[in-house]
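For reference, the structure discussed in these notes is given below.
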Amino acid sequence: MAYPAGLKYTKDHEWIELAGDRGKVGITDYAQQQLGDVVYVELPEVGAKLKQGQSFGTIESVKAVSELYSPVTGEVVEVNAALKDKPETVNADPHTSWMIVLKLTSPGEAGALLDATQYQDLVK
Amino acid sequence: MEQATAAPLKKTPLNDRHRASGAKMVPFGGWDMPVEYSGIVHEHLAVRTRAGLFDVSHMGEIEIAGKDALAAVQRISSNDASKLQVGQAQYSGLLTPQGTFVDDLLVYRLAPEHFMLVVNAGNIEKDYAWIVEHIKPAGDVVAVNASARYALLAVQGPEAVGIVQSLTGVELAGMKYYWFAHGEVANVRATISRTGYTGEDGFEIFVPPQSADRVWQAIVEAGRPVELIPCGLGARDTLRLEAGMRLHGNDIDDTTTAVEADLNWIVGWKKDDFIGATVLREQKANGVRRKLVGFEMFDRGIARHGYDAYVAGAKAGRVTSGTQTPFLKKAIGMAYLPIEHTAIDTEFDVDIRGRRTRARVVPMPFYKRK
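As they're listed, the protein sequences go chains D and X.
Residue numbers for the first sequence follow the numbering used here, so the first one is 42 and each next one is one higher.
Residue numbers for the second sequence follow the numbering used here, so the first one is -6 and each next one is one higher.
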């Protein structure tokens, strides 16, 4: 699966899709492959304040549990409730299955994230 | 899944085959094993609806032979081996004097005075040492660790009988569950056993290691029309849990007795004496304080091995296995709970990483084939 050029990536295998001062956050195709069949995604409440690199939830597959890490500092303004009933969409469409929307409070952080080419190199 | 060893990982004769096929490999019980081929859920469903092929060559085989072989097996194994005819197998426990598990195993009666014990991969050396030590008083008997002489393939699922039958002259339709026969599979000398660790119909096939790959490929070919797929230990674990089968190291170990594990049916109560008998008889007569139960979660989220169970807000037990079952599509598991909270439908909480999640006791097995 190709890594979309429009997304920024972290070394912890999250992606963020930026639009102005907001960003949708999810996990990468590489991450979902490592996890295997996802059965549960535990997400924060709207209003939660996150620092860059802070855990914002957990993702659970049949095999294992992993932390989800925030790519940037910000406040949770939206949570993808659809993942509660259909967590398997993270396996099927990892780069469109967003988990939270963040309102960025330090937009400068995003510039230091990996672009698609750099991320591709990291996981190859 | 238990794993604790710094030694180099051991490889089954099919290791190259797994790697070449792109299986995801993990360390398990000291072995380098495939955890999944095409995904745990996909593999699990294949076994429930069609067929799956597993490499379980990491399992150990310990043979016990001699004039006093039966007496020796009766002493070290909890079940009653005198009930076994030649060609028959039984599930049993290798127990400590406290009635707890050194290991669980299958006992095969190869001949009147020749038995084969199939034991867990991570316990082979420990079991062998235990057995050698404890059969001494039995008299004329010898134990041999024959693990290196066997590769073991499991073909499991409703289509298994047709697939294996197409490769052997041994008549399988008449072979009952937990019986076995010697013959050939894909022109390779084999012992074919109607057993498995999935809760599904199927066969476990013992073959010489040098022929394992040939048999593996023949089964894959023969299974192609019914879409048999190779499976890893991940699906093996979810399948056995759905079937309510205990995993040594998770659900049973040297701190839990056969009675606490609700495995009274693998104890030969009418036998004269065996290791652990005194404690088990006392527990059977007077009751135990805790028992292994099956449970189902009300919400999503997996209660995993080692998580704490709470009754009325107080820590009361622990989860020994848990998964999201691909077939039943529920989060299930096993846990030790105080005996007064083990009735079916009793509700309790599991601490899932700081979150109290509601569960209820349900009967096992969770899945029983039609």
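Cβ atoms here follow ideal geometry from the backbone N, Cα and C, with glycine treated the same way.
CA-to-CA distance, residue j to residue i, given in whole angstroms
i	j	result
X/A305	X/L273	30 Å
X/A153	X/A236	17 Å
X/R297	X/L321	17 Å
D/E119	X/N257	53 Å
X/R239	D/A151	49 Å
X/A328	X/Q276	19 Å
X/T271	X/A74	19 Å
X/D206	D/E129	35 Å
X/E(-5)	D/T51	At X/E(-5), the pLDDT of 48 sits below 50, so the modelled position is not reliable and the matter cannot be decided from this model.
X/N116	X/I55	11 Å
X/T42	X/P151	6 Å
X/G310	X/F94	19 Å
X/I198	X/Y101	13 Å
X/D255	X/L285	6 Å
D/G88	X/G347	20 Å
X/G80	X/F196	14 Å
D/D126	D/T99	15 Å
X/A215	X/H11	18 Å
D/D162	X/V34	30 Å
X/F21	D/H54	26 Å
X/I337	D/V82	29 Å
Reduced DSSP secondary structure (H/G/I, E/B, other) of residue i
i	result
X/S186	strand
D/S138	coil
X/T231	helix
D/I57	strand
D/G77	coil
X/K129	helix
X/H51	coil
X/E164	coil
X/D25	strand
X/I332	helix
X/N257	helix
D/K144	strand
X/E(-5)	Bear in mind that the predicted position of X/E(-5) carries a pLDDT of just 48, short of 50, making it unreliable; the figure below should be weighed with that in mind. X/E(-5): coil per DSSP, three-state reduction.
X/T271	helix
D/Q95	coil
Nearest neighbour of residue i, chosen from the options [CA to CA]
i	options	result
X/C224	X/P20, X/H37, X/D25	X/H37
X/A65	X/D230, X/W123, X/E340, X/K322	X/W123
D/Y71	D/E150, D/P135, D/K144, D/L124	D/P135
D/T149	D/D62, D/K52, D/K90	At residue 149 of chain D the sequence reads Gly, which differs from the Thr that was named. Nearest C-alpha to D/G149: D/D62.
X/S14	X/Y30, X/Q83, X/M290	X/Y30
X/Q149	X/Q81, X/A131, X/Y170, X/L46	X/L46
D/V80	X/P356, X/A324, X/P358	X/A324
D/S107	D/G88, D/Q159, D/I68, D/I57	D/I68
D/K49	D/D156, D/K165, D/L163, D/Q161	D/D156
X/D25	X/G32, X/D133, X/L2, X/L7	X/L2
X/D344	X/P6, X/M290, X/M52	X/M290
X/H334	X/K264, X/V111, X/V354	X/V354
X/K361	X/R102, X/R282, X/L232	X/L232
D/A123	D/T137, D/Y110, D/G88	D/T137
X/M52	X/L226, X/A302, X/R311, X/R283	X/L226
X/Y170	X/G22, X/R187, X/M109	X/R187
X/I259	X/T184, X/L77, X/G326, X/A307	X/L77
X/P367	X/P358, X/V111, X/S140, X/A82	The structure shown does not extend to residue 367 of chain X, since chain X is modelled only from -6 to 363, so the question has no answer here.
X/R282	X/A352, X/E253, X/G261, X/N243	X/E253
D/E58	D/P85, D/K92, D/V113	D/V113
Proximal residues of chain X, C-beta to C-beta of residue i below 7 Å
i	result
D/D78	G32, I33, V34
D/E5	Given that chain D is displayed from residue 42 to residue 165, the structure contains no residue 5 of chain D and the question cannot be resolved.
D/E101	G294, I295
Any C-beta of chain D under 7 Å from that of residue i
i	result
X/I295	yes
X/G299	no
X/Q317	yes
X/G155	no
X/G227	yes
X/E(-5)	The predicted position of X/E(-5) is uncertain, since its pLDDT is 48 and thus under 50; no value can be drawn from it.
Short CB-CB distance (under 7 Å) between residue i and chain X
i	result
D/E119	no
D/Y50	no
Proximal residues of chain D, C-beta to C-beta of residue i below 7 Å
i	result
X/E29	G77
Interface partners of residue i on chain X, CB under 9 Å
i	result
D/K65	Within chain X, no residue comes near D/K65; the closest Cβ sits about 23 Å away, beyond 9 Å.
Cross-chain neighbours of residue i in chain D, by beta carbon under 8 Å
i	result
X/T188	By Cβ distance, chain D contributes nothing, its closest Cβ being about 25 Å from X/T188, past 8 Å.
Proximal chain D residues relative to residue i, where beta-carbon distance stays under 9 Å
i	result
X/R346	E83, T99, V106
X/T313	What X/T313 touches in chain D: nothing, since even the nearest Cβ is about 17 Å away.
X/T231	V103
heavy atom of the ligand MG below 6 Å from residue i C-beta
i	result
X/K60	For the ligand MG, the structure offers nothing, since it holds no ligand at all.
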